[in-house]
Amino acid sequence: MRFAVAGTDITYLWNNLESRMEIMGGRNKDEETYAAFWRFGINLLDEGRLKLEVQPALWKIASDRNYQISAGPSFMLTGDITLRAMYLYDHNTDDHRVIMQIYYYRKL
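Mapping of the sequence shown onto the numbering used here: position 41 corresponds to residue 149, and the numbering continues sequentially without gaps.
Below is the structure:
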């Protein structure tokens, strides 16, 4: 088998704090593979409208290892639209990015 990975995730909510983690591990081309992602946030306004988040992630795929750290606010403009801005640092490339996102949620 060339690629086989299993994973799990956990979410813990307490008062205005959110902690979400995903962990995966397995094999890729007969080499060890793993990834871990953690997102920690604090809700600053009612109903989670304004949130500050920190998101470290690390992974190893075959011989490639890397980690990224990102942080920033998100603001729920309406029930359907959320605005998000983030700073992201990528260790392998020593890259620094500013990311702006608009999320549109639509009921199915």
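By construction, the Cβ of each residue, glycine as well, lies at the ideal position given by its N, Cα and C atoms.
Beta-carbon separation of residue i and residue j under 9 Å?
i      : j      : result
MET184 : LEU158 : yes
ARG128 : THR116 : no
PHE148 : LEU125 : yes
ILE190 : ILE207 : The residue you asked about is not Ile; residue 190 is Thr in the sequence shown. Their beta carbons are not under 9 Å apart, which means THR190 does not touch ILE207 by this criterion.
Checking the sheet assignment: what are the DSSP bridge partners for residue i?
i      : result
TYR213 : According to DSSP, TYR213 bridges with nothing at all.
SER171 : Answer by DSSP bridge pairing: none, since SER171 is not bridged.
THR141 : GLY134, ILE169
THR151 : Note that residue 151 corresponds to Asn in the displayed sequence, not to Thr. LYS159.
LEU121 : GLU126
Counting only the same chain and skipping the five closest in sequence on each side, list residues whose C-beta sits under 6 Å from that of residue i.
i      : result
ILE177 : PRO164, TYR197
Look at the alpha carbon of residue i and the alpha carbon of residue j, and state the distance between them as a whole number of angstroms.
i      : j      : result
MET132 : LEU153 : 33 Å
ALA170 : ILE150 : 35 Å
ASP188 : GLU139 : 43 Å
GLY180 : LEU160 : 6 Å
ALA144 : HIS199 : 15 Å
VAL113 : ARG173 : 16 Å
GLU130 : TRP122 : 18 Å
Apart from the five residues on each side of it in sequence, which residues of its chain come closer than 8 Å, Cβ to Cβ, to residue i?
i      : result
GLU155 : MET184
Apart from the five residues just before and just after residue i, which ones in its own chain have a Cβ nearer than 7 Å to its Cβ?
i      : result
LYS137 : ARG110, ALA170
Does any residue of chain B bring its CB to less than 9 Å from the CB of residue i?
i      : result
ALA165 : As a matter of chain content, chain B is missing from the structure shown, which is built from one protein chain.
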